[in-house]
Every structure is written in structure tokens, then in C-alpha cells.
Amino acid sequence: MAPTGAKKGLLERLDAGEVVIGDGGFVFALEKRGYVKAGPWTPEAAVEHPEAVRQLHREFLRAGANVMQTFTFYASDDKLENRGNYVAKKISGQKVNEAACDIAREVANEGDALVAGGVSQTPSYLSCKSEVEVKGIFRKQLDVFIKKNVDFLIAEYFEHVEEAVWAVEVLKESGKPVAATLCIGPQGDLNGVTPGECAVRLAKAGASVVGVNCHFDPMTCIATVKLMKEGLVAAKVKAHLMTQPLAYHTPDCGKQGFIDLPEFPFALEPRIVTRWDIHKYAREAYNLGVRYIGGCCGFEPYHTRAIAEELAPERGFLPPGSEKHGSWGSGLEMHTKPWVRA
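Going by full-length UniProt numbering, the first residue of the sequence shown is number 1, and it counts up by one from there.
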């Protein structure tokens with residue numbers, strides 16, 4: 001079990017060399033469960049089906065995650081009303097963001113978890129809106145995060161480092177720690193900015209933690225973060241590292257990652273990584289110096305548990321979910337058939 005007592009903040013944990021485990025891929029998990037619509041991938045389920053969001057948070061907490069990200073992916077007003085979705089009009093972006101914060105806090109308080117308020121890339125940036133307009137969109141979400149007193153903030157899922165920098169600059173206005181992740185591979189962002197330069201720009205904008213999330217498989221993300229680390233070292237800029245990859249094998253995808261695959265989004269199951277793949281990912285990430293290790297689309301609680309179990313020696317404890325799980329081969333110890341039993 002996790003240590004008891006007053007909760008330490010994100011940077012307090014990372015500065016001490018502790019492993020912080022992120023949660024998994026909410027929009028994909030909830031789409032499969034019938035609560036999120038593929039295409040828009042918006043999080044109105046926080047209002048429409050709070051019990052489903054709450055239960056998924058609890059499963060990730062039980063699996064060992066000690067960050068509960070608010071279910072606010074694509075929860076900016078412009079995204080909520082994009083392409084005929086009209087969630088902003090039916091529910092309002094403020095209600096979606098507030099509900100997501102409340103649910104995350106409720107579950108985080110059940111364990112040693114922190115609440116992270118998250119923003120992501122916007123249709124407005126892709127539509128060439130101004131820096132002032134795009135920052136205004138982020139600021140509306142930030143106002144809710146400040147009101148709900150989240151523990152730290154994440155700018156995640158950005159294909160262009162320029163927009164991610166704008167997001168970081170807004171989130172820093174809160175005075176809370178900021179993490180930033182791009183959904184890029186080793187080739188860099190969609191404008192050709194290298195991973196190393198991206199990391200430096202994010203850190204200089206005020207991000208205390210930088211890395212990648214989504215779009216690529218675990219080992220590709222490790223390779224990208226390695227380039228980020230090299231860029232930070234060369235520039236003599238300090239930042240903690242984080243990875244939150246896909247739970248799909250994507251060796252054949254292009255610069256935009258898995259969204260370009262013909263199987264996206266409804267036929268990706270044959271590409272799902274195993275929990276043993278995740279053990280390898282967690283160890284490789286740790287050996288690289290990454291201390292914020294989580295997952296994104298495709299990551300289910302059993303993947304998160306694999307991270308927690310692989311790094312249990314470093315963390316000093318196993319997650320509650322491990323009470324119902326054992327190491328490789330242990331499932332044969334109590335097999336019904338004696339000739340199979342090991």
C-alpha cells in the first residue's frame with residue numbers, strides 16, 4: 001500500500017526521485033464502454049455519466065496510479081461545439097470542467113493521489129486563430145482548475161510546440177506546477193521542430209515536467225523522450241521527464257502516429273500491448289531517468305498495474321490491485337486441472 005500521511009506535491013515527489021504513476025486513456029476506455037463518441041472524443045460523460053468516469057478513476061487508483069487527471073481532454077469550449085457536437089450549448093464547457101474536477105478530487109482523496117487539471121490542443125489554433133484568442137480558451141479552463149484547487153496542471157496532446165508553449169504560459173499564471181507533453185515521435189512536431197528543441201522551449205516557457213503522450217507506442221515514446229533529454233542537457237535546461245504512451249504497437253505509423261493507421265479507431269485491438277510489454281516500458285523509462293510514468297489511449301488499469309508492479313522495488317510498495325494478481329506463472333499455481341497446475 002502507498003504510504004500514509006499528508007500528501008506531497010508533484011514536484012516534491014519528483015525532486016526526491018520518487019516514481020509518479022499517471023493514469024490511463026479515458027476517452028478510449030469510455031468510448032469502448034459506450035460513454036464517449038469517437039470522432040469528437042469529448043468528455044461530456046463527466047456530466048452525463050459521472051458514475052462511469054468515477055469508476056474508471058477508481059480502477060486506475062487501485063492499479064497504482066497516484067495522479068488522477070481531470071477528464072477534461074478536449075474540454076475547451078471551441079472543441080465542445082466543434083463539428084456539430086454542440087456540447088458547449090447543451091451542457092456548457094464550465095459544467096463539464098467543473099464536474100470532471102469534482103470527480104477526480106473525490107477519487108484522489110480515497111488514496112495517495114494528486115489531481116491534475118488538463119488542457120489539450122484546440123480547433124482554434126488549427127484554424128489559425130491568434131495567440132490571444134487561443135490563450136483565452138485555455139484561460140477559461142484554467143479559471144475552473146483554480147476554483148477547484150487542482151494540485152498541478154498538464155498541457156497534453158499537442159502536435160505543435162508553439163501552441164503547447166502558449167498553454168504552458170497560461171497555466172503558469174496559476175502559480176501551480178505545470179507539466180507539458182506533446183503527441184510527437186522522434187521526427188518532432190508537425191512543423192518539424194525536433195524533440196530536443198520542443199523540450200527546451202516547453203521548459204523555458206515554465207514547464208517543470210516535459211515529455212510525450214499518445215500517438216505512439218511505448219518504446220517509440222521512450223526514443224522520443226531520450227531525444228528530449230539530450231536536448232535539455234545540451235541547452236543546460238533542467239526539467240523532469242514524463243511519458244504517457246499508447247497501449248498499441250505502432251511501428252508502421254507515420255509522423256502523425258496511430259491516427260493515420262487504417263485500423264484507427266475501431267480495429268486497433270490486435271495491436272494492444274501486453275502487460276509484459278508494459279513491464280519492459282516501465283523499466284526502460286525508469287532507466288532513462290523518467291520519473292513520471294503513465295499511459296494514454298488504450299491503457300487500461302491492468303497496464304497501469306504492470307507499471308506499479310515493475311517499479312514496486314523502487315517505490316517500496318505494491319498497489320491494492322496486486323492483492324488479486326501475481327507474477328508471471330503464478331496463475332498456474334491454483335489451476336483447476338492438476339496436470340496444468342505448476
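Backbone N, C-alpha and C fix where the C-beta goes; we use that ideal spot for every residue, glycine too.
Given the structure is predicted, the values throughout are model-derived calculations rather than measurements.
TODO: Determine contact between the region 141-160 and the region 189-199, defined as no fewer than three beta-carbon pairs at a distance below 8 Å.
DONE: The region 141-160, when compared against the region 189-199, does touch it at the 8 Å Cβ threshold.
Task: Cβ-Cβ distance between Pro-50 and Ile-103 below 8 Å - done: For the pair Pro-50 and Ile-103, the CB atoms are nearer than the 8 Å cut-off.
TODO: Could you check the C-alpha separation between Ala-234 and Gln-256 for me, to the nearest Å?
DONE: Between Ala-234 and Gln-256, the C-alpha separation is close to 26 Å.
Task: Contact under 8 Å by Cβ, Pro-245 with Asp-217 - done: Contact: yes.
Task: Same chain, Cβ closer than 6 Å to Arg-201, neighbours up to 5 away in sequence not counted - done: Answer for Arg-201: Val-161, Val-165, listed in chain order.
Open item on the list: My parser needs the beta strand (DSSP E) runs of 3 or more residues fully inside the region 239-276; what are they?
Closed with: The region 239-276 contains these whole beta strand (DSSP E) runs: 240-244.
TODO: Measure the Cβ-Cβ separation of Phe-73 and Gly-117 and say whether it is below 8 Å.
DONE: With respect to Gly-117, Phe-73 sits apart: the two C-beta atoms are not nearer than 8 Å.
Task: Beta-carbon separation (whole angstroms), Ala-167 vs Val-119, contact threshold 8 Å - done: Ala-167 to Val-119, Cβ: 6 Å. Contact.
- [ ] Under 8 Å Cβ to Cβ from Val-107, same chain only, skipping five residues before and after it: list those, please.
- [x] Excluding its 5 nearest sequence neighbours in each direction, Val-107 has C-beta neighbours in its own chain below 8 Å: Arg-54, His-57, Arg-58, Leu-61, Met-68, Ala-113, listed in chain order.
TODO: Have a look at the DSSP bridge pairing and note the partners of Asn-287.
DONE: Paired residue(s): none; Asn-287 is not in a bridge.
Task: C-beta atoms of residue 365 and Leu-11 nearer than 8 Å - done: Given that the chain is displayed from residue 1 to residue 342, the structure contains no residue 365 and the question cannot be resolved.
TODO: Would you grab the beta carbon distance between Ala-247 and Phe-299 for me? Rounded to a whole angstrom, and I think it's under 8 Å.
DONE: Contact annotation, Ala-247 with Phe-299: C-beta distance approximately 4 Å; criterion of less than 8 Å satisfied.
Open item on the list: Here's the rule: buried if 16 or more other CB atoms are within 10 angstroms of the residue's CB, otherwise exposed. What is Cys-183?
Closed with: Counting other Cβ atoms within 10 Å of its Cβ, Cys-183 reaches 16 or more and is therefore classed as buried.
TODO: Find out if the Cβ-Cβ distance for the pair Phe-153, Lys-129 is shorter than 8 Å.
DONE: Correcting the residue type first, residue 153 is Leu in the shown sequence and not Phe. Taking 8 Å as the Cβ cut-off, Leu-153 and Lys-129 do not qualify as a contacting pair.
- [ ] Over the uninterrupted alpha helix (DSSP H) stretch that includes Thr-220, give me the two end residues.
- [x] Secondary structure note for Thr-220: its alpha helix (DSSP H) is the uninterrupted segment 218-235.
Open item on the list: Would Ala-63 and Arg-275 qualify as a contact pair, given that the criterion is a beta-carbon distance under 8 Å?
Closed with: In this structure, the beta-carbon distance from Ala-63 to Arg-275 does not fall below 8 Å.
Task: Reduced DSSP secondary structure (H/G/I, E/B, other) of Ala-207 - done: Look at Ala-207 here: in three-state DSSP terms it is coil, with no helix or strand label.
- [ ] Look at the Cβ atom of Leu-227, then the Cβ atom of Gly-289, and state whether they are nearer than 8 Å.
- [x] No, these two residues do not count as a Cβ contact at 8 Å.
- [ ] Find out if the Cβ-Cβ distance for the pair Ala-38, Phe-71 is shorter than 8 Å.
- [x] Not a contact, by the Cβ cut-off of 8 Å.
Task: Outcome for Asn-149 when other beta-carbon atoms lying within 10 angstroms are tallied against a minimum of 16 - done: Counting C-beta atoms within 10 angstroms of its own C-beta, Asn-149 has fewer than 16 neighbours from the protein chains shown and is therefore classed as exposed.
Open item on the list: Tell me the rounded alpha-carbon separation between Glu-323 and Glu-163.
Closed with: Whole-angstrom Cα-Cα distance: 43 Å.
TODO: Report yes if the C-beta distance between Gly-25 and Gly-321 is below 8 Å; otherwise report no.
DONE: The answer is no: Cβ separation not under 8 Å.
Task: C-alpha gap between Glu-230 and Gly-196, whole angstroms - done: Straight-line Cα distance between these residues: approximately 6 Å.
Open item on the list: In the DSSP assignment, the alpha helix (DSSP H) including Leu-14 goes from what residue to what residue?
Closed with: Where Leu-14 is concerned, the enclosing alpha helix (DSSP H) stretches over 10-15.
- [ ] Output the distance between the C-alpha atoms of Cys-253 and Asp-260, rounded to the nearest integer angstrom.
- [x] In this structure, the alpha-carbon of Cys-253 lies about 7 Å from that of Asp-260.
- [ ] Quick one: grab the DSSP three-state call for Gly-34.
- [x] It is coil, neither helix nor strand.
Open item on the list: By alpha-carbon positions, which one of Cys-221, Ala-267, Pro-265 ends up nearest to Pro-251?
Closed with: Ranking the options by Cα distance to Pro-251, first place goes to Cys-221.
- [ ] Please list, in chain order, all residues of the same chain as Glu-169 whose beta carbon is under 6 Å from its beta carbon, the five residues on each side excluded.
- [x] Within the same chain, Glu-169 has close Cβ partners Ala-205.
Open item on the list: My assumption, with CB atoms under 8 Å, is that Lys-147 sits in contact with Gly-93. Please give the rounded CB distance.
Closed with: 14 Å between Cβ atoms; not a contact.
Task: Bridge partners - Ile-146, DSSP secondary structure assignment - done: According to DSSP, which records beta bridges pairwise, Ile-146 is partnered with nothing at all.
TODO: Give me the Cα-Cα distance between residue 343 and Lys-135, rounded to the nearest whole angstrom.
DONE: Limits of the chain in this structure are 1 at one end and 342 at the other, which puts residue 343 out of reach.
TODO: Let me know if Trp-339 comes out buried or exposed under the rule of 16 or more other beta-carbons within 10 Å of its beta-carbon.
DONE: Classification of Trp-339: exposed, given that the 10 Å Cβ count is below 16.
Open item on the list: Using 8 Å for Cβ pairs, my map puts Val-19 next to Leu-268. What's the rounded Cβ distance?
Closed with: That pair is no contact at about 28 Å.
Open item on the list: By the three-class DSSP mapping on this structure, what secondary structure does Tyr-281 have?
Closed with: Tyr-281: helix per DSSP, three-state reduction.
Task: Cα-Cα separation, Pro-270 to His-249 - done: Cα to Cα, Pro-270 sits roughly 9 Å from His-249.
Task: Own chain residues within Cβ distance below 6 Å of Val-115, not counting five before or after - done: Around Val-115: Met-68, Ala-104, Arg-105, Ala-108, Val-150, Asp-151.
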